[in-house]
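Here's the structure we're looking at; comments come further down.
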Amino acid sequence: MAVYALIRPRVIRNALVKRLRVFPSVGESLVSPGAKVDAGSILGKYASRQRLRFVRMETSGERITATVLVAEGQKVKRGEVLGYYSYLFGLGYTEYTSPCDGEVVAISQATGRVSIKEEPSALASHLPGTVEHVDEAIGVWVRFRGDIVPGAAGAGFARSGTLIRKVESPDQPVSPQKIGPEDADLVLLAGSTVSKELLEACLRYRVAGIIAGSAASSVMKWYESLAQDLDWDEFLARYWARELRKKDAVVPRPTEIVPALVLTEGYGNMPMSGEAFELLSSCEGERVFVDGASLVGAALGRGDAGPCAIIPFAGAVDGEVTDDGVGGGAGRAAGAAAGAGAARVGATSAGAAVGDAAVGGAAGIGAVVGGFGHPAGRSAALRELAPGVRVCVCGLTQDPVEGTVEGLAQEDSALPVGIPVTSVRVVTLSGEHLTVPASNIRLLE
Amino acid sequence: MANDYIHLDIGSTVTQAKAWERSAQGINLVGSATAPTPPALGNTDLTGGAHLAYSELKDKVERSGRRFDPQDILVTVSAAGEPRVVCAGVVKGISGESSKRAALAAGATVTDLITVDDGRHEYQRVTDLRRQDISMVVMAGGVDEEILGQGRHQLFNVAKVIAAGLPGRLGDGKKVPVVYAASLEGREEVSRIFGDSVEVVWAENVRARLEEEHLDSARDAIVGVFSSGIRHDARFSGLGRFGAATVLPTGHSIGLEVVNMAGSLGEDVMVISLDGDTVQVFSQIRGVFTRTVSSVARLEAKDAAEWLPSRRLAERLDDILANWKRNPGVLPRSWDDLAVYLAIQKQVVREALDEHSRSAIELRGIHRQRQVGETFTVGVKGGDTLVRMERIGSVFLTGFLAGILSPVALVSIATDALGLHGVTKLYADRDGILPSLGVFGGDLVAAPESFLTPAGVILSPGKNEERVKDRWAVMRTDSRLEELPVTSGEIRAVVIPAPDSTWLELHPSSKGDVGAGEGRRHVTPAKGFHFAYVDARLRHRKPQDPYRENRRGYRALGVFPDGVLDGWERGME
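Quick note, the sequences are listed as chains P and L, same order. Read left to right, the first sequence gives residues 140 to 584 (our numbering). Read left to right, the second sequence gives residues 424 to 996 (our numbering).
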């Protein structure tokens, strides 16, 4: 009897991926299928769900008593003075400022309400590739080739930046004191577990993204809610930064206030896997795409936008020539011209490309393009648990452990808790022999 | 294996294949096989597990010396929450709820409910609808006659929202169909609003009159749209390998069987499907069928911790639960795991029952004639729940977990999470047969409960445990009468030595109701059951040490070995 398990690799090398870039609300696309985009390209614009923002001015009777400085149809900038009200012979003074960039669409004399239609925000690609498909209700799918580290969990929106390693090994945490202004707009490789203090330091110094092994569930809940709710005014109030308060300081897009956070292992206190750490370490200095997938909820549970870190191959923007895994290498080679990455080109075999790419969809990274040669009728997301296969054993109260399949357990009731399910014998890296339900096993290769 | 059938059930975590043999004596389960279902991400082929389970089943049948040549293949689907629908109505509490009940009865997952009083602006309803990944929209609203001139614009406003926001199906750009189960009089105008761009499936109005609700026509239309449309869904394109198999939503299939069972038993029944990542609750109470679906995603660790037997396990529950929600297929492999797993399941079932109680209600919106004297006493216009546990004669536990958890573990879940009251017979569907029985229809020779494992009879005074007097619970055989021990604050297991000739009786106080009416004795035969459980634990008071209370309950039921419970008691590993 053959037993099958889900494939969940820790890294996916040289995969051809179709990644969804989600509009936070219904948007307007600025690109068409087939268009070539780079990390800085604007894919489209979207309005916030609120769309209209209101400012209420002082009224008396049926008219506004404040002095109104704007008119209907006028464009305004965030912080621009819309009007002022002086009272008690000039001893009292109130100034009304615009809460956002936009256009004044209505001024009501009776209620004193000034309605401002928000300027749509831009959705940046953050990925170099080819636009595969556009759906203005959902987002834009970008096709590209790259190395992927699937995230077990995440928070925050998609960002990209240069990767910098902050620890020497995957089981080391990063101290908040190690974060400074020099880390602005960088993606940090942060080792094992991130704390609330570290995340606050990253927020304060405008880090672009953090890739770590794990975080406590309570910290992730706090960070997720922060990612959803924190606007620029509140950011300035909470994380006071002199240089950001200047009049000419650029106000970031709403999705770029909070750094993206990707956890490779999950919740709790777990070190990052060696494979993920090794791949990411080898990419230090390269541009990395990180997505905490806070918008997956907005995209209603779409699986092709899960948390992950991606190192796209510079130059390999055209998927058609890379389906066989060779073009990916060429793309990496193009990237390697800038320095790092040449070693990984050589290490990526065509066989690995087939296997890895076939499971990209299962890992929630994005739909993977290409028909790969798995047996007819057999899902690419499942593979047989044959002896010698490298696996990760998941548990409820135990942290995941890596091991190798020895074979099927003899009886269905081989588990100590007497649950009658198909079980598998696994020997762990530390030499411990375990009997575990087949459903607890994830194939690593 | 001529004259035999294969049933493939594609669930969200596992896919099961079952071979059934049909003969003049009834149907007989020949064999079954299970395979994991690939996770529903993007356009992943979700039928991969079905092919593996089918192949394994074929091997098993052929190894047993039979020929594998099924006459028919029946498929039920709940993977990816399919069919996913958006419901729409005019008033949330009236037609909105009716359209939602129709969709749920058809086995669907309701992803949104659009009504004029849902608190959103019209553009927000449109944008929310456009972003949905759904199979269809179910629309209700208005009575059949005399709506023109009195609020008709509300129904048409809802139609305009649907017409503007109907999402295109990914890839082929086709619009999703709309099942119209709203006012007969409004059809013409709604047709005009929808134009040619919307495929409308007409069904009878679910609330043709305000006082009545008829879900059958809408339910059948939803099932029909799902069955014909699923073959065009890229995620289920692998179903083509099974030929022209009939495809139904799993929830619908179980629902058909729930109605059958209530009819054959002649009592109100409840079925709880423990599917791992979701819990479905079905009930047929006073002739009203209701189905609800609850997800583990909303579960909070602090609530689940209430059911743990050790403080040590509660310390990391937040992280454990968060990790498990990502991989709900992970099963317990140690006693600590099992304790956590049962705590999670108990809390999910409790929340699922609460949600079911809110959904299984008397109709809202009914005009009631009131007497002058009732002016200050009657404040409810429908909406009272139908779920009163003393009315439920039998509870059936089905789903993947009912097949792998021990019968006493299932009794523990039922007694803790369901708040049982009176006499309740508990059955476990160990082989996952209920979805198959629903598919096979009502042409069985044997009674449905004969396929199930009797887990125990639960006798409970509910929240009246302190009013229980001597001789409250009695076990009567032909020759003798035995009073059952009812100790306040405890649950006890009682062996039934001769189930076929034993009756269990409850004798409530004059104001007490144990299911037969106020002050009336309740008698039930114990046929098939080897254990009764007298549960007089205090439900309305929070225990000082919940961990100790949980250990006592587990010890009485025998869910964990004594050594494990002693270890938790000492705070040891």
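Yeah, the Cβ is synthetic: ideal placement off N, Cα and C, and Gly gets one too.
Out of the options, which one is the CA nearest neighbour of residue i?
i: serine 518 (chain L); options: L:Arg630, L:His844, L:Ala840; result: L:Arg630
i: valine 346 (chain P); options: P:Leu325, P:Ser353, P:Met359, P:Ser331; result: P:Leu325
i: leucine 833 (chain L); options: L:Ala896, L:Leu469, L:Asp700, L:Leu849; result: L:Leu849
i: isoleucine 433 (chain L); options: L:Gly454, L:Pro462, L:Leu452, L:Ser446; result: L:Pro462
i: glutamate 584 (chain P); options: P:Pro320, P:Ala525, P:Met411; result: P:Ala525
i: glycine 183 (chain P); options: P:Tyr224, P:Tyr143, P:His265, P:Met409; result: P:His265
i: arginine 709 (chain L); options: L:Ser718, L:Gly689, L:Phe579; result: L:Gly689
i: serine 521 (chain L); options: L:Val498, L:Ser651, L:Val566; result: L:Val566
i: threonine 925 (chain L); options: L:Val957, L:Ser651, L:Gln577, L:Lys950; result: L:Lys950
i: alanine 1004 (chain L); options: L:Glu906, L:Arg899, L:Leu464, L:Gly935; result: Because chain L spans 424 through 996 in this model, residue 1004 (chain L) falls outside it and cannot be assessed.
i: valine 763 (chain L); options: L:Arg894, L:His637, L:Trp747; result: L:Trp747
i: leucine 547 (chain P); options: P:Thr536, P:Arg522, P:Val575; result: P:Val575
i: threonine 233 (chain P); options: P:Leu535, P:Thr198, P:Ala249; result: P:Thr198
Using C-beta distances below 8 Å, list every residue in its chain close to residue i, excluding the 5 sequence neighbours before and after it, in chain order.
i: valine 244 (chain P); result: Leu191, Glu211, Gly212, Ser254, Ile255, Lys256
i: glycine 241 (chain P); result: Arg192, Lys214, Val215, Ile255, Lys256, Glu257, Glu258
i: lysine 769 (chain L); result: Ala727, Trp730, Ser835, Ile836, Asp839, Ala840
i: arginine 392 (chain P); result: Ser260, Ala261, Ala263
i: histidine 945 (chain L); result: Gly845, Val846, Glu928, Leu929, Pro931, Val937, Gly938, Ala939
i: arginine 894 (chain L); result: Glu906, His930
For residue i, go through chain L and note every residue whose CB falls closer than 7 Å to its CB, in chain order.
i: alanine 291 (chain P); result: Arg749
i: asparagine 118 (chain P); result: What the structure shows of chain P is the stretch from 140 to 584, and residue 118 (chain P) is not part of that stretch, so it cannot be assessed.
i: serine 164 (chain P); result: Thr550
i: serine 357 (chain P); result: Asp741
Using DSSP bridges, identify the partner residues of residue i.
i: glutamine 707 (chain L); result: L:Val692, L:Phe712
i: tryptophan 371 (chain P); result: None; tryptophan 371 (chain P) has no bridge partner.
i: valine 556 (chain P); result: For valine 556 (chain P), which the question treats as bridged, DSSP gives no partner whatsoever.
i: methionine 559 (chain L); result: L:Val508
i: isoleucine 349 (chain P); result: P:Leu327, P:Leu400
i: aspartate 492 (chain L); result: In the DSSP output, where bridge partners are listed per residue, aspartate 492 (chain L) has none listed.
i: lysine 184 (chain P); result: P:Glu167, P:Ala261
Starting from residue i, find everything on chain P with Cβ-Cβ shorter than 7 Å and list it in chain order.
i: proline 493 (chain L); result: Near proline 493 (chain L) there are no residues of chain P at all, since even the closest Cβ is about 17 Å away, more than 7 Å.
i: tryptophan 758 (chain L); result: Val556
i: valine 763 (chain L); result: Leu535, Thr536
i: isoleucine 653 (chain L); result: By Cβ distance, chain P contributes nothing, its closest Cβ being about 17 Å from isoleucine 653 (chain L), past 7 Å.
i: isoleucine 827 (chain L); result: Ile558, Pro559, Val560
i: arginine 553 (chain L); result: Val165, Ala276
Identify, in the order they occur along the chain, each residue of the same chain with its Cβ nearer than 7 Å to the Cβ of residue i, setting aside the five sequence neighbours on each side.
i: isoleucine 349 (chain P); result: Leu327, Ala329, Val333, Cys341, Pro398, Leu400
i: glutamate 545 (chain P); result: Pro526, Arg564, Val565, Val566
To which residues of the same chain is residue i closer than 6 Å at the C-beta, ignoring the five residues directly before and after it?
i: leucine 697 (chain L); result: Gly822, Leu824, Ala825
i: valine 540 (chain P); result: Val532, Thr567
i: tyrosine 235 (chain P); result: Val194, Met196, Leu221, Gly222
i: glutamate 404 (chain P); result: Ala291, Gly352, Ser353
i: valine 498 (chain L); result: Leu431, Ala668, Val670
i: glutamine 707 (chain L); result: Val681, Val682, Ala685, Val692
How long is the line joining the alpha carbons of residue i and residue j, rounded to whole angstroms?
i: leucine 857 (chain L); j: phenylalanine 819 (chain L); result: 9 Å
i: arginine 152 (chain P); j: tyrosine 406 (chain P); result: 25 Å
i: valine 365 (chain L); j: arginine 658 (chain L); result: With chain L covering 424 to 996 only, the question about residue 365 (chain L) has no answer from this structure.
i: glycine 666 (chain L); j: glutamate 444 (chain L); result: 20 Å
i: leucine 155 (chain P); j: glycine 218 (chain P); result: 44 Å
i: valine 508 (chain P); j: glutamate 425 (chain P); result: Low confidence applies here, because valine 508 (chain P) scores a pLDDT of 41, under 50, leaving its location unreliable and the question unanswered by this model.
i: alanine 415 (chain P); j: valine 150 (chain P); result: 6 Å
i: phenylalanine 228 (chain P); j: alanine 205 (chain P); result: 14 Å
i: glutamine 367 (chain P); j: arginine 343 (chain P); result: 17 Å
i: arginine 160 (chain P); j: glycine 293 (chain P); result: 16 Å
i: alanine 323 (chain P); j: leucine 765 (chain L); result: 46 Å
i: lysine 441 (chain L); j: isoleucine 767 (chain L); result: 29 Å
i: glycine 499 (chain P); j: glycine 445 (chain P); result: Confidence is the limiting factor: at glycine 499 (chain P) the pLDDT is only 41, short of 50, which leaves the residue's position unreliable and the question unanswerable from this model.
i: leucine 736 (chain L); j: serine 829 (chain L); result: 21 Å
Under 8 Å between C-beta atoms, does residue i make it to chain B?
i: serine 455 (chain L); result: Although the question refers to chain B, the structure presented lacks it and instead comprises the protein chains P and L.
Starting from residue i, find everything on chain L with Cβ-Cβ shorter than 9 Å and list it in chain order.
i: valine 528 (chain P); result: Neighbours of valine 528 (chain P) on chain L: none; closest Cβ ~15 Å, over 9 Å.
i: tyrosine 143 (chain P); result: Ala458, Pro459, Gly471, Gly472, Leu475
Which chain P residues sit within Cβ distance under 9 Å of residue i?
i: asparagine 973 (chain L); result: Neighbours of asparagine 973 (chain L) on chain P: none; closest Cβ ~16 Å, over 9 Å.
Along chain P, in chain order, which residues have C-beta atoms closer than 8 Å to that of residue i?
i: isoleucine 547 (chain L); result: Reading off the sequence, residue 547 (chain L) comes out as glutamine, not isoleucine. Simply Arg188.
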